[in-house]
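Chain order of the listed sequences is A and X. Sequential numbering from 379 applies to the first sequence in my numbering. Sequential numbering from 379 applies to the second sequence in my numbering. We put the CB at the ideal spot given by N, CA and C, even for glycine. Small disclaimer: the values here were computed from a predicted structure and weren't measured.
There are 2 protein chains.
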Amino acid sequence: MKQEHTVKMDGRKTIELTGVQQVERFDSSEFLLQTVMGKLKVKGSGLKMKHFDTVNKKAAIEGRISSFLYVESSTGMSLFRRSK
Amino acid sequence: MKQEHTVKMDGRKTIELTGVQQVERFDSSEFLLQTVMGKLKVKGSGLKMKHFDTVNKKAAIEGRISSFLYVESSTGMSLFRRSK
Chain A
379 MKQEHTVKMD GRKTIELTGV QQVERFDSSE FLLQTVMGKL KVKGSGLKMK HFDTVNKKAA
439 IEGRISSFLY VESSTGMSLF RRSK
Chain X
379 MKQEHTVKMD GRKTIELTGV QQVERFDSSE FLLQTVMGKL KVKGSGLKMK HFDTVNKKAA
439 IEGRISSFLY VESSTGMSLF RRSK
């Protein structure tokens with residue numbers, strides 16, 4: 379199964395995302411999304427959820443975008459490492 | 379004249395941008411772009427310039443993307459503020 383993840387931003391006003399597994403939390407200044415390629419933090423002001431669809435893994439956010447940041451799960455790697 | 383600015387990212391591997399006026403500097407871990415909607419910093423690793431076209435204001439970057447950040451010109455506002 380293909381695990382696509384795309385981000386399309388138009389004019390710092392809208393973002394459309396694919397490959398979104400979950401919206402972990404959000405408020406008007408920050409969204410935390412679980413994507414197929416890691417956690418993504420979107421920061422801005424006046425942010426609103428336009429839509430979110432778990433079946434198609436799509437989400438859209440509206441507002442004034444100031445940054446996107448992938449939160450690397452460096453701790454996750456060590457947790458899932460097994461000693462044999 | 380329309381001042382469009384769009385960002386399209388595919389799988390954290392490629393970014394295509396419109397509304398890019400200038401590439402101010404770049405290396406393998408950071409690009410600084412002047413766009414029609416402010417300065418944009420793109421961070422990651424193994425970043426490469428795929429293309430840049432001043433006429434159409436388009437740019438494309440390849441590599442492992444970790445973040446995008448619009449650098450707000452807050453100092454600019456106070457500098458241009460006039461006392462009457």
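Residue i and residue j closer than 9 Å at C-beta
i	j	result
residue 425/A	residue 419/A	no
residue 445/X	residue 445/A	yes
Chain A contact for residue i (CB, 9 Å cutoff)
i	result
residue 439/X	no
residue 427/X	no
residue 402/X	no
Span of the beta strand (DSSP E) around residue i
i	result
residue 431/X	416 to 431
residue 444/X	436 to 449
residue 463/A	Limits of chain A in this structure are 379 at one end and 462 at the other, which puts residue 463/A out of reach.
residue 408/A	408 to 413
Own chain, CB closer than 6 Å to residue i, minus 5 neighbours either side, in chain order
i	result
residue 383/A	397, 413, 414 and 415
residue 429/A	438
residue 408/A	421
residue 401/A	411 and 430
Per-residue burial, residue i [other beta carbons within 10 Å of its own, 16 or more giving buried]
i	result
residue 385/A	buried
residue 427/A	exposed
residue 406/X	exposed
residue 403/X	exposed
Test: residue i CB closer than 9 Å to a CB of chain X
i	result
residue 432/A	no
residue 398/A	no
Close beta carbons around residue i, own chain, < 7 Å, minus the five adjacent residues each side
i	result
residue 435/X	396, 397, 398 and 399
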